[in-house]
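Add 239 to a position in the sequence shown, counting from 1, and you land on the number used in this note's numbering. Positions of the beta carbon are idealized from the N, C-alpha and C atoms, including for glycine. Worksheet: one structure, shown below.
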Amino acid sequence: MTDRYKQFATTGLGRNIVRRLGLPAPAALRRRRPGEPDVVGPVLMGAAKHGRFGEAINRVFTASDVDMRNTDTDSDARYGVVVFDATGIRQSSELRAVYDFFHPVVRRLTGCGRVILLGTPPEHADDPREAAAQQALMGFVKSAGKEIGRGSTAQLIYVAPGAEGAVDSTLRFVASARSAYVSGQAIRVSPANVPTTTDPASPLAGQTALVTGAARGIGTVVAEILAEYGAHVVCLDIPAAGADLARVANQIGGVALQLDITGLNAPRVIADHFMTRHNGLDILVHNAGITRDKTLGRMSEQQWDSVLEVNLSSQERIDDVLLSEDVLNHQGRIVSVSSISGIAGNAGQANYATSKAGVAGRVAALAPAMSERGGTVNAVAPGFIETDMTARIPPLIRQAGRLMNSMAQGGLPIDVAETIAWLADPASAGVNGNVVRVCGQSLLGA
Numbered sequence: 240m241t242d243r244y245k246q247f248a249t250t251g252l253g254r255n256i257v258r259r260l261g262l263p264a265p266a267a268l269r270r271r272r273p274g275e276p277d278v279v280g281p282v283l284m285g286a287a288k289h290g291r292f293g294e295a296i297n298r299v300f301t302a303s304d305v306d307m308r309n310t311d312t313d314s315d316a317r318y319g320v321v322v323f324d325a326t327g328i329r330q331s332s333e334l335r336a337v338y339d340f341f342h343p344v345v346r347r348l349t350g351c352g353r354v355i356l357l358g359t360p361p362e363h364a365d366d367p368r369e370a371a372a373q374q375a376l377m378g379f380v381k382s383a384g385k386e387i388g389r390g391s392t393a394q395l396i397y398v399a400p401g402a403e404g405a406v407d408s409t410l411r412f413v414a415s416a417r418s419a420y421v422s423g424q425a426i427r428v429s430p431a432n433v434p435t436t437t438d439p440a441s442p443l444a445g446q447t448a449l450v451t452g453a454a455r456g457i458g459t460v461v462a463e464i465l466a467e468y469g470a471h472v473v474c475l476d477i478p479a480a481g482a483d484l485a486r487v488a489n490q491i492g493g494v495a496l497q498l499d500i501t502g503l504n505a506p507r508v509i510a511d512h513f514m515t516r517h518n519g520l521d522i523l524v525h526n527a528g529i530t531r532d533k534t535l536g537r538m539s540e541q542q543w544d545s546v547l548e549v550n551l552s553s554q555e556r557i558d559d560v561l562l563s564e565d566v567l568n569h570q571g572r573i574v575s576v577s578s579i580s581g582i583a584g585n586a587g588q589a590n591y592a593t594s595k596a597g598v599a600g601r602v603a604a605l606a607p608a609m610s611e612r613g614g615t616v617n618a619v620a621p622g623f624i625e626t627d628m629t630a631r632i633p634p635l636i637r638q639a640g641r642l643m644n645s646m647a648q649g650g651l652p653i654d655v656a657e658t659i660a661w662l663a664d665p666a667s668a669g670v671n672g673n674v675v676r677v678c679g680q681s682l683l684g685a
């Protein structure tokens with residue numbers, strides 16, 4: 240799983256050669272580390288006239304204990320975060336305010352800096368002019384994410400009217416080291432009742448979580464991160480992975496549940512486990528997935544059926560039982576793992592892409608019902624993530640996968656896990672029905 244190109248490109252000689260040849264230049268991404276601040280300032284805040292988020296922005300960054308500035312008075316100042324409230328923009332001519340704010344400071348963004356816009360969802364605009372102006376922000380963010388480089392990211396948070404009090408967790412996430420491999424995204428926040436988090440370091444304290452496919456890879460790291468944030472984690476995987484599963488569960492102080500989720504009785508076993516041994520379930524992470532790659536003309540029925548069964552159909556059956564019998568508690572969270580393949584497609588993965596696109600579709604369809612329960616359902620869509628599975632890809636194809644994004648490198652399992660933990664946070668009650676790509680702003684399907 241070693242990215243030899245990244246290792247070379249970050250040496251003195253490598254940087255010089257990469258610059259001279261115009262090659263992609265991967266940066267060392269800043270990820271969350273114990274003892275280091277999640278948000279690195281200074282933070283520069285700006286707003287269009289009549290913006291809605293001055294109070295929320297001040298609240299979030301004041302709590303993060305960083306240097307907060309409302310004006311750029313020092314032409315030599317460098318910023319870790321630049322955030323602009325664009326909710327007051329009502330027509331295209333007013334988009335000039337975005338240029339006027341970012342143009343003088345974007346080249347003074349620190350390495351691994353953050354560009355953040357807050358906007359109003361176009362569907363909530365008062366008229367077509369406002370809708371067009373707010374939709375235009377997406378083009379700005381996607382372009383900025385591809386320009387700023389040096390491990391920096393750009394995000395757009397669309398906040399519905401009335402959801403001003405539900406934006407804090409999302410604003411903290413996109414401004415922090417936790418979102419290292421998330422860029423070029425439009426995240427939607429809806430009105431919600433957001434509980435008060437007593438301990439920001441342990442936002443999942445008192446929560447019970449289930450992570451499927453937890454014995455290895457991304458699933459293992461998801462289980463570790465949820466436990467680190469305070470959740471009691473039940474780790475599920477097939478019996479053949481029992482030894483690895485037990486090791487993971489023991490390491491995080493969780494419970495191992497050996498089960499084939501494609502079994503018709505699997506939903507019943509899961510429901511009975513959480514009703515008899517726990518006080519229901521608070522967080523359900525559908526991570527288990529398989530690939531059986533073949534071009535469509537060479538793909539067998541078994542290769543098609545097995546991928547759809549594990550990656551999509553089993554999730555539907557499990558959700559049906561856990562929701563209909565209220566095993567998933569009120570205000571519960573469902574987070575599914577989709578894929579960039581489900582967004583852009585991929586040659587030789589018609590079965591896999593179909594299943595992962597179906598996961599995204601299920602999230603959208605289930606979101607209203609989850610909202611009625613006070614809960615949420617979302618998905619993450621990883622791009623090229625450095626795992627044992629991607630390590631088996633032929634070297635040239637593997638390296639191409641690493642470079643086909645704005646970060647010019649592969650992501651790590653912790654990038655997916657941190658995004659899932661944010662979506663599982665009780666404070667993220669307003670984030671519902673989203674598919675968030677964890678792909679370094681992939682050039683495919685972008």
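- Excluding its 5 nearest sequence neighbours in each direction, Pro360 has C-beta neighbours in its own chain below 8 angstroms: Gln373, Tyr397, Val398, Ala399, Arg427, listed in chain order.
- Between the stretch 370-386 and the stretch 290-308 there are fewer than three inter-stretch CB-CB distances shorter than 8 angstroms, so the stretches are not counted as touching.
- Excluding five sequence positions before and after Asp521, the CB atoms of its chain that fall closer than 6 angstroms to its own CB belong to Gln446, Thr447, Asn568, Gly571, given in chain order.
- Straight-line measurement puts the Cα of Ser645 at about 22 angstroms from the Cα of Arg317.
- The Cβ neighbour count for Ser331, taken over all protein chains shown within 10 Å, is under 16; the residue is labelled exposed.
- In this structure, the beta-carbon distance from Val549 to Val655 does not fall below 9 angstroms.
- In the assembly as shown, Gly669 is a buried residue. Its beta-carbon has 16 or more other beta-carbons within 10 Å.
- Straight-line measurement puts the Cα of Leu475 at about 11 angstroms from the Cα of Ala505.
- In the DSSP assignment, Met538 falls outside any alpha helix (DSSP H) and carries neither an H nor an E.
- Note that the C-beta distance between Val487 and Glu467 is not below 9 angstroms.
- Between Leu547 and Ser578, the CB-CB gap reaches or exceeds 9 angstroms.
- For Pro621, the three-state secondary structure derived from DSSP is strand.
- Boundaries around Met628 are those of the alpha helix (DSSP H), 627-630, since no beta strand (DSSP E) includes it.
- The stretch 652-667 makes no contact with the stretch 483-500: fewer than 3 CB pairs, one atom from each, lie closer than 8 angstroms.
- Taken in chain order, the complete beta strand (DSSP E) segments of 3 or more residues contained in the stretch 295-367 are 318-324, 348-358.
- Our two residues, Leu449 and Gly672, have alpha carbons roughly 20 angstroms apart in a direct line.
- Here Thr301 has Met307 as same chain residues with Cβ atoms under 8 angstroms from its own Cβ, once five neighbours each way along the sequence are excluded.
- Contact between the stretch 319-327 and the stretch 336-343 is established, with three or more Cβ pairs separated by less than 8 angstroms.
- Between Pro652 and Thr626, the beta carbon gap of about 6 angstroms places them in contact (Cβ cut-off 8 angstroms).
- DSSP lists Ser575 as the bridge partner or partners of His525.
- In this structure, Met643 is the residue among Ser610, Met643, Leu683, Pro665 with its C-alpha nearest to the C-alpha of Pro265.
- Burial is judged here by how many other beta carbons sit within 10 angstroms of a residue's own beta carbon; Arg631 has fewer than 16 and is exposed.
- Restricting attention to alpha helix (DSSP H) runs no shorter than 4 residues, the stretch 474-521 encloses them at 481-491, 505-516, ordered along the chain.
- In this structure, DSSP gives Leu410 a helical state, which the three-state scheme calls helix.
- Within the same chain, and ignoring the five residues on either side of Ser553 in sequence, the residues whose Cβ sits closer than 8 angstroms to its Cβ are Ile500, Thr501, Ala505, Ala527.
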